[in-house]
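Notes to accompany the following structure.
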Amino acid sequence: MHVPTIFNADIDESYDVFVLDDDKLHHLNNVLRIRNNSPIKISNGKGFLFFGKLKDNNIQLSSKKEYKRGKIINIFVPSIQDKTRFRFMIEKLGELNVNSITIGPTDYSQKTNVNTDKVISWLVSSVEQSGTPFMPELEICKEIDFNKFNHGLDICGKNINDNQSFQNIAIGPEGGWSQDELNKFSYTSSINEFTFRTETAAIVAVSLML
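Counted from 1, the sequence shown has number 143 at position 144 by numbering that gives the first Met the number 0; the numbering is strictly sequential.
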């Protein structure tokens, strides 16, 4: 049976009762059709799920469970001008439980502004949809840190299965990396001989590294 999940970063072991705000209560009652005494989970995004039951406008908590991440994957992605595709990528990376998402420009990426609040709301949506106890850390940067992201995804790189020990990976734009950027990577990996869209490359690369 599917148990709906709510995200709240502040909840901890001291809570016996979690008071729902109007938006969460409306979503549970009128969108998900959740009724009193139905089970509910709360994720704090930091590895804990709290379990309880809906009681009017509260969740009466009864237990909790701590989870540990498997691989710690940090990913750099460029922004995508098409917001539907951009949101899809962010939500899927959240569902895949990456440790962090860094968003920034590259030499050949599309010029676009990143709305941090919207990106966070997409990540919250992915947590609540998937029921995961983890939420990725988010960083918006002005340029890629090649010391941190020394492993780049490129069509001319080695097969990614040979580079799986590198858990910080950078995904380039559909126009590819510039030669100057490629020269700054210590390693490059390829997942296909053909060109994937940015969101496809990011999701496939993380899936292969898990």
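We put the CB at the ideal spot given by N, CA and C, even for glycine.
On a predicted model such as this, the values are computed, not experimentally measured, just so you know.
| Check | Outcome |
| --- | --- |
| Check whether G18 and N56 have beta carbons under 8 Å apart | The amino acid occupying residue 18 in the given sequence is Val; Gly does not appear at that position. A contact, by the Cβ cut-off of 8 Å. |
| Neighbour-count burial assignment, A8, 16 or more Cβ in a 10 Å radius | exposed |
| Paired residues, beta bridge with Y186 - DSSP | H150 |
| Backbone secondary structure at I119 - three-state DSSP | helix |
| E173 vs T187 beta-carbon contact at 8 Å | no |
| C-alpha gap between S13 and P132, whole angstroms | 18 Å |
| Rounded straight-line distance, which links the Cα of N29 to that of S78 | 34 Å |
| Rounded separation between E198 and R84 - CA only | 7 Å |
| 8 Å CB neighbourhood of S189 in its chain, flanking five on each side removed | L152, D153, I154, C155, G156, K157, N158, I159 |
| Residue span of the beta strand (DSSP E) that contains L60, given as start and end | 57-65 |
| Unbroken beta strand (DSSP E) run spanning G51, endpoints | 47-54 |
| Beta-carbon proximity of I102 to I139, cut-off 8 Å | yes |
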